[in-house]
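Protein chains: 2
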Amino acid sequence: MYHHSDNIIARSTPPGRSAIAVIRMSGPGVFDLVARRAGNKKFKAPPKRQLFFSTLFDDKGQILDEVVLACFPEPNSYTGENIIEISCHGSNFIVQQIIEQFVRDGARPAGPGEFTMRAFFNGKMDLARAEGVIDLIDSENRSQHQLAIGQLRGGFSERIAGLRDRLIHFASLIELELDFGEEDVEFADKGELEKSVIEINSFISDLIDSFSMGNVIKKGISTVIAGRPNAGKSTLLNAILEEERAIVSDIEGTTRDAIEEVIHLDGVAFRLIDTAGIREAGDVVEEMGIKITLEKIAHSAILIYLFDLALSSIDEVLADLENVAKPGIKVIVVGNKLDLANESQLKAAQGKIVLPYHFLPVSSVEKKGLQELKNLLIEHFHELDSGQTDTVLHNSRHYNALLRCRESLEKVIEGLKAGVPADLVAMDIRHAMGQLNTILGRGISSDDLLQNIFSRFCIGK
Amino acid sequence: MYHHSDNIIARSTPPGRSAIAVIRMSGPGVFDLVARRAGNKKFKAPPKRQLFFSTLFDDKGQILDEVVLACFPEPNSYTGENIIEISCHGSNFIVQQIIEQFVRDGARPAGPGEFTMRAFFNGKMDLARAEGVIDLIDSENRSQHQLAIGQLRGGFSERIAGLRDRLIHFASLIELELDFGEEDVEFADKGELEKSVIEINSFISDLIDSFSMGNVIKKGISTVIAGRPNAGKSTLLNAILEEERAIVSDIEGTTRDAIEEVIHLDGVAFRLIDTAGIREAGDVVEEMGIKITLEKIAHSAILIYLFDLALSSIDEVLADLENVAKPGIKVIVVGNKLDLANESQLKAAQGKIVLPYHFLPVSSVEKKGLQELKNLLIEHFHELDSGQTDTVLHNSRHYNALLRCRESLEKVIEGLKAGVPADLVAMDIRHAMGQLNTILGRGISSDDLLQNIFSRFCIGK
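Keeping their order, the protein sequence lines are chains A and B.
For the first sequence, the residue numbers in our numbering are 8 to 468.
For the second sequence, the residue numbers in our numbering are 8 to 468.
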């Protein structure tokens, strides 16, 4: 076990006025530090895993606060070290005074994620699980939450460790053969080995393929709203958002002309992107706006194409769709202003707008068809979701490591086929194993990598 | 003991992304509620005061989070009821999901201060102590903090209860006399009684007098910076604030022309009020500005009058001071621009500006004399502070109750002197006692009053 000799301290709850605030300390000496400041005679170091009411005093004997102390003795704590959590009254002033007192007594203010970094060093969790902790804290909807919980609880780590163990077994067979190389013994059936590596490689490819889905879950499904000017795009956007206003957040548009809003439907995030209207460009500036719209559509997963059911020509709509709809993008064609259209207009649209497009008549004003639109969005998410592995990759560090792992495995497969010397094959296997170990944080020597990972954490975790 | 049958739940830490968030539940059934959702077999209701690691599941069997449960069984808890505190990962989404699950299971979202209100109803603390809790959470500097800690720990309550007990004794003597009234017995020595009431009244008057000090501690000592235009007021203000920028906060000026900044010196808050320059008014608007300045000075505790040591006429300064300095306001006369003045100008100022004014040469540019100025401010706070009772009144509800109590006691004293009938005296004593009981929250029948007090609290406390 890796042991740190110093004691770290940080506020673990957000700043602000509140009922309680929690200050966390970890290290070999934290119980002694608190015992010096605690007025409660019952609190003696080292305590059991236990709760104490106590008064904390500063070094002038003044009362800092009346607090609850939660003690977690090593090794069964988050960091694997002694941990004490101080629940004090939720005043920034009090939190600051308590932390300052313990810093004067010798504790050190913790850096971002330093508690979790200690948990990692002390073998309480591997690196992928540690990364699950921060994803969990960052989670804003059910899908992100489930993804992060899975990673935190080790589902992903176990899968990676399992693949690595198979590679270890594989490598040991090859190397055994190398040791006895001169005697011309064959321990491993080359055909069996090749089959086995192909299988491992296929698992890894599935994981790599799931990354786009993982990204969608993490960042939201990009959904472009496009259409002719005055088709009612803004009204539709507002109508969709209105009922969900409480959980809508603004995202600064990356381009001048596209506005993004995130909406959570059934626990899934959709990034709704409002675009400039599509028509024959009147001038250069407008042409640029339309170009941006077309680019946005090309990079989106879903296109909501909007037209005016009462006024638009269906042939023009079909021509637009021809221009903008690319393979792989799900297109929902919304006939807006149902309230103003007559029966024959509706029937004409229903007759002409057919698969692969999904036609949906809507009235933003009368709030008709909006739930159907939301259902179509959710349905599309599940279409994207289906056929994926039960473990979904969403971390780009893991993604890059798996890409390199696959590269090496493909060399192994080629090598086995071409009958290259066993020591070369063994080297590629070692390299592939190394990449899997990087995901788990084994044998990582670069402090930069760890600093980089843990800097995403909040202070106090 | 007053018992509530329902279980309340609320987030007790501020919203936001953080290492951990704490959700608190109180009520008879909270352990059972958690036991239904906890994956930890060791967690059984009712537990001891203890900490548990556990996984919480929603009603679909999905994992909500991995949490730490802190259990506080009745009656030794904050509210006097069973309390459970759930430390989860600090994601707003997770907190919301957990609270929603327990609300579906039958818990009720708590109102502001509802936990403390239950503590009050269950006899865990009187009303004045409960008010100390909210003052503690609101405290922003050492003086406010010490005031609130004192009130929370019951110093003030004990004092009020002591005075009330003396009045009870007093009332019982009078009433005994009333019972035997026909027999013309005198149990109480009228002179002794009168002396005793005068003593109680004097204690209460001391408390009432300490209210202005309490207010100063709570709201900051109002300190007006005034002077001729171009004396360097803004430069001085910035020079004072610069070193303390981290703990400076802006307060929106109540009038158009006065800017307020709060600075904490040695744990005391000073409200620095920058004003328009004083000179012969050029027009009506300027006259109004000067009128506001003079009003600000009249309502302040400290006046920092600033002049240009190198350019101003000392006689004009003295004439200004004559105009603006009112009794009861401490005046610090700051000769600014020491760096530009010569020896004889300094000596002239030192010779002419004498007590009751405090003269201080300063150079805002060279940062000379600033610490001396701060020391003078702190010194004046201690002058204000001296001669006060050890208990300082700072709550206007208590202040008003004590004013009414004093009114009744003065009637009692007059009545005893004038020999009015004992039953009238007894009525006034009962009224005075009633006011002291109001402070402690005894016999309060008005829900409005309680709602009003607890609405100042945060949710979750």
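Positions of the beta carbon are idealized from the N, C-alpha and C atoms, including for glycine.
As the structure is a computational prediction, the values presented were derived from the model and not from experiment.
Is the separation between the beta-carbon of residue i and that of residue j shorter than 9 Å?
i: A:ILE70; j: B:ILE156; result: yes
i: B:LEU58; j: A:ALA77; result: yes
i: B:VAL432; j: B:ILE105; result: no
i: B:LEU316; j: B:LEU362; result: no
i: B:ILE16; j: B:PHE79; result: no
i: B:CYS465; j: B:ILE211; result: no
i: B:GLU421; j: B:ASN208; result: no
i: A:ILE228; j: A:LEU384; result: yes
i: B:GLY376; j: B:VAL324; result: no
i: A:PHE100; j: B:GLN151; result: yes
i: A:ASN89; j: A:GLY139; result: no
i: B:THR123; j: B:LYS468; result: yes
i: A:THR230; j: A:SER351; result: no
i: B:GLY120; j: B:ILE141; result: yes
i: B:ASN47; j: B:PHE38; result: no
i: A:GLN442; j: A:SER403; result: no
i: B:ILE460; j: B:LEU134; result: yes
i: B:ALA348; j: B:PRO368; result: yes
i: A:PRO21; j: B:THR20; result: yes
Check the DSSP bridge columns for residue i and list the partner residues they point to.
i: B:LEU272; result: B:VAL275
i: A:ILE91; result: A:MET32, A:CYS78
i: B:PRO116; result: B:ILE16
i: B:ASN54; result: Per the sequence shown, the amino acid found at residue 54 of chain B is Pro instead of Asn. B:PRO54 pairs with nothing; no bridge assigned.
i: A:GLU73; result: A:THR62
i: A:ILE280; result: A:VAL231, A:GLU267
i: B:HIS96; result: B:ILE27
i: A:LYS375; result: A:SER370
i: A:HIS365; result: A:ILE339
i: B:ILE466; result: B:PRO119
i: A:ALA45; result: A:LEU63
If residue i and residue j are in contact, beta carbons under 8 Å, what's the gap, nearest whole angstrom?
i: B:GLU268; j: B:LEU244; result: 7 Å
i: A:LEU301; j: A:VAL331; result: 6 Å
i: B:ASN14; j: B:ARG111; result: Actually they do not touch by this definition, with Cβ atoms about 13 Å apart.
i: A:GLY97; j: A:ALA26; result: 5 Å
i: A:LEU380; j: A:ILE167; result: Wrong, their Cβ atoms sit about 39 Å apart, outside the cutoff.
i: A:ALA276; j: A:ASN148; result: 5 Å
i: B:VAL29; j: A:VAL29; result: 6 Å
i: B:ALA42; j: B:ARG437; result: B:ALA42 to B:ARG437, Cβ: 50 Å. No contact.
i: A:LYS51; j: A:THR86; result: Incorrect: roughly 22 Å between the Cβ atoms, too far for contact.
i: B:GLU201; j: B:LYS55; result: 56 Å between Cβ atoms; not a contact.
i: A:ALA137; j: A:PHE127; result: 5 Å
i: B:ILE309; j: B:ILE336; result: 7 Å
i: A:ARG171; j: A:ASN444; result: 7 Å
Nearer than 8 Å: is that true of the beta carbon of residue i relative to any heavy atom of the ligand PLP?
i: B:PHE461; result: As far as ligands go, the structure on display features none, and thus does not contain the ligand PLP.
Length-filtered (4 minimum) alpha helix (DSSP H) runs lying within the segment 293 to 349 of chain B: 321 to 331
message: Closer than 8 Å between beta carbons: that is the criterion. Which residues of the segment 88 to 100 of chain B meet it against chain A?
response: GLU92, SER94, HIS96, GLY97, SER98, ASN99, PHE100
message: Short of 9 Å Cβ to Cβ, which residues in the segment 20 to 32 of chain A face chain B?
response: THR20, PRO21, PRO22, GLY23, ARG24, SER25, ALA26, ILE27, ALA28, VAL29, ARG31
message: Any C-beta of chain B within less than 8 Å: which residues of the segment 131 to 146 of chain A qualify?
response: VAL140, LEU143, ILE144, ASP145, SER146
- prompt: Along the segment 434 to 468 of chain A, what residues have a CB closer than 7 Å to any CB found in chain B?
  reply: CYS465, GLY467, LYS468
task: Closer than 8 Å, Cβ to Cβ, to anything on chain B: give me those residues from the segment 39 to 59 of chain A, in chain order.
output: ARG56, GLN57, LEU58
- request: Entirely within the segment 113 to 200 of chain B and at least 4 residues each: give me those alpha helix (DSSP H) ranges in chain order.
  value: 121 to 128, 134 to 145, 149 to 159, 162 to 186
task: Report the residues of the segment 156 to 177 of chain B with a CB closer than 8 Å to any CB of chain A, ordered along the chain.
output: ILE156, LEU159, ARG160
field: Minimum length 4: unbroken alpha helix (DSSP H) runs contained in the segment 201 to 226 of chain A
entry: 218 to 226
- prompt: Can you list the alpha helix (DSSP H) stretches of 4 or more residues lying completely in the segment 400 to 432 of chain B, in chain order?
  reply: 403 to 425
message: Give me the subset of the segment 394 to 414 of chain A whose CB atoms are less than 7 Å from a CB atom of chain B, sorted by chain position.
response: none
Where the segment 68 to 83 of chain A meets chain B: residues whose CB sits under 9 Å from a CB there: GLN69, ILE70, LEU71, ASP72, GLU73, VAL75, ALA77, CYS78, PHE79, ASN83
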